[in-house]
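S.K.:
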Amino acid sequence: MELPISLRGDPTAPSDALRVEISPTELRLESRPVYTLERGRVPAAEVTPDGLTQLRTALQAAPARPRVALTAHGMVPYGTLVRTIQTLTAAGYRDILLAVRPVSTTGAAPTAPSWMPLSSPQIAPFGPEPVDPATYGGPARGWGDFTSRWEESYDACRAAGPGQYVDCDPKASVTPEDGQMQVVLWARGRGMQVRFNRVGAPPPEPSKAPSGPALIEGVRAAPTGEGEEIPPDPSTTGAFAFRAEVATAADSAISGVTRPVCGAAACPTVVEADEETPVMRVVSLLGAAFPNGATPPHLVLRMPAAR
Numbered sequence: 001m002e003l004p005i006s007l008r009g010d011p012t013a014p015s016d017a018l019r020v021e022i023s024p025t026e027l028r029l030e031s032r033p034v035y036t037l038e039r040g041r042v043p044a045a046e047v048t049p050d051g052l053t054q055l056r057t058a059l060q061a062a063p064a065r066p067r068v069a070l071t072a073h074g075m076v077p078y079g080t081l082v083r084t085i086q087t088l089t090a091a092g093y094r095d096i097l098l099a100v101r102p103v104s105t106t107g108a109a110p111t112a113p114s115w116m117p118l119s120s121p122q123i124a125p126f127g128p129e130p131v132d133p134a135t136y137g138g139p140a141r142g143w144g145d146f147t148s149r150w151e152e153s154y155d156a157c158r159a160a161g162p163g164q165y166v167d168c169d170p171k172a173s174v175t176p177e178d179g180q181m182q183v184v185l186w187a188r189g190r191g192m193q194v195r196f197n198r199v200g201a202p203p204p205e206p207s208k209a210p211s212g213p214a215l216i217e218g219v220r221a222a223p224t225g226e227g228e229e230i231p232p233d234p235s236t237t238g239a240f241a242f243r244a245e246v247a248t249a250a251d252s253a254i255s256g257v258t259r260p261v262c263g264a265a266a267c268p269t270v271v272e273a274d275e276e277t278p279v280m281r282v283v284s285l286l287g288a289a290f291p292n293g294a295t296p297p298h299l300v301l302r303m304p305a306a307r
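Taking the UniProt record's numbering, the leading residue of the sequence shown gets 1, the next gets one more, and so forth.
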């Protein structure tokens, strides 16, 4: 099976694990077919807000195991993967290991998979609003944890080189001091983005024009702000966009963007993708953002828009 490539993974195969496999044509539990898939998609009638109906029933009859070894073909849609994980976590499985193909540093293709840990992933519904950190818990990281290292992330983004990065936000001149920091990993088509968002606080007050001079008796005051430039509004997002191949480079610039903020301390992280985005894009982005040696993120997988 063609596995997604990842910079994060342990070559030690999981023991005593429940086996779940997703190919473009079939979803299997313990080698037994659960669904016939069409291009990796579960039949629409089986998709509910709480997960996959038939898989949930099959899990109830399966032998109890402490963990899940999940194998998914790289071209399976993100929607199928996230709904499978949703069903597994609802059944009580918190220790999920995803089969990946390690990045080769010698040019030779790896002969055995590695396993990316997805420890206690949470599932958030689709929606336009940011994921609420108060609802999904995780480490509280202040917005200043990012803004104080913003230049380092910007430099790492630019180091990818023309044609590899799409856009790198330079540090804003005005940033709020309050609020929490949340990482969003977004993938669509051949594009990827790492965003640092300010959450958990009201929107900052917009900047105002400088006030005019104090009135002097008998002298008409100049119009407020005359000749003065209005400062920009406080920035609440820093975004760094790349082409997909950057995520599978041995020394990925994506790792350089996240390392200053998330390398030594866990970051609350939300994964977002469209229904049809291939698993290989999402998994490679996650592995590049948190490669081997980095602190694992507190992970929330966001559901795609309803089918």
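No residue lacks a Cβ here, since even glycine has one placed at the ideal position from N, Cα and C.
In this text the structure is predicted, and so the values were computed from the model without any measurement.
1) Between the segment 44 to 61 and the segment 83 to 101, are three or more C-beta pairs nearer than 8 Å?
2) For residue 144 and residue 268, what's the separation of their Cα atoms in angstroms?
3) Could you tell me whether the segment 278 to 292 touches the segment 151 to 162, using the rule of 3 or more Cβ pairs below 8 Å?
4) So, under 8 Å CB-CB, residue 273 and residue 78 are touching, yes? Tell me the CB distance rounded to an integer number of Å.
5) Measuring only the C-alpha atoms, how far is residue 149 from residue 48?
6) Helix, strand or coil: how does DSSP classify residue 3 here?
7) Provide the residue span of the beta strand (DSSP E) that contains residue 114, from first to last.
8) For the segment 22 to 98, list the beta strand (DSSP E) runs that are entirely contained and at least 3 residues long, ordered along the chain.
9) Below 7 Å CB to CB, which residues in the same chain sit around residue 51 once its five sequence neighbours on both sides are set aside?
10) Mapping DSSP to helix, strand and coil, what is residue 167?
11) Given that a residue counts as buried once 16 or more other Cβ atoms are within 10 Å of its Cβ, and exposed if not, what is residue 257?
12) Using the DSSP secondary-structure output, state which residues sit across from residue 238 in a beta bridge.
13) Reducing DSSP to helix, strand and coil, say where residue 133 ends up.
14) Can you round the beta-carbon distance between residue 4 and residue 100 to whole angstroms, since I take them to be within the 8 Å contact cut?
15) Taking residue 231 as the reference, which of 96, 172 and 38 has the closest Cα?
16) Kindly indicate the opening and closing residues of the beta strand (DSSP E) around residue 258.
17) Just the C-alpha distance for residue 104 and residue 113, rounded to the nearest angstrom, thanks.
M.R.: The answer reads as follows:
1) yes
2) Walking along the sequence shown from the start, residue 144 turns up at place 144. Walking along the sequence shown from the start, residue 268 turns up at place 268. Whole-angstrom Cα-Cα distance: 14 Å.
3) no
4) Walking along the sequence shown from the start, residue 273 turns up at place 273. Walking along the sequence shown from the start, residue 78 turns up at place 78. Between residue 78 and residue 273 the Cβ distance is about 4 Å, and since that is below 8 Å, they are a contact.
5) By 1-based counting over the sequence shown, the position of residue 149 is 149. By 1-based counting over the sequence shown, the position of residue 48 is 48. Going by the C-alpha atoms only, they are around 42 Å apart.
6) Walking along the sequence shown from the start, residue 3 turns up at place 3. Residue 3: coil per DSSP, three-state reduction.
7) Locating residue 114 in the sequence shown gives position 114, where the first residue counts as 1. It spans 114 to 119 - the beta strand (DSSP E) in which residue 114 sits, taken as one unbroken run.
8) 26 to 29, 32 to 36 and 67 to 72
9) Locating residue 51 in the sequence shown gives position 51, counting from the first residue. Same-chain partners within the cutoff: 83, 86, 87 and 90.
10) For the purposes of this step, residue 167 is identified with residue 167 of the sequence shown, where counting begins at 1. Strand at residue 167.
11) The count along the sequence shown starts at 1 and reaches residue 257 at position 257. So residue 257 counts as buried.
12) One-based indexing of the sequence shown puts residue 238 at position 238. BP columns for residue 238 point to 196.
13) Walking along the sequence shown from the start, residue 133 turns up at place 133. In this structure, residue 133 counts as helix in the three-state DSSP scheme.
14) As a working note, residue 4 is residue 4 in the sequence shown. As a working note, residue 100 is residue 100 in the sequence shown. Their Cβ separation, rounded to whole angstroms, is 6 Å, which keeps residue 4 and residue 100 in contact under 8 Å.
15) For the purposes of this step, residue 231 is taken as the residue at position 231 of the sequence shown. That would be 172, whose Cα lies nearest to the Cα of residue 231.
16) Numbered from its first residue, the sequence shown carries residue 258 at position 258. Where residue 258 is concerned, there is no enclosing beta strand (DSSP E), although the alpha helix (DSSP H) it sits in stretches over 253 to 262.
17) Stepping through the sequence shown from its first residue, residue 104 is reached at position 104. Stepping through the sequence shown from its first residue, residue 113 is reached at position 113. C-alpha separation (whole angstroms): 12 Å.
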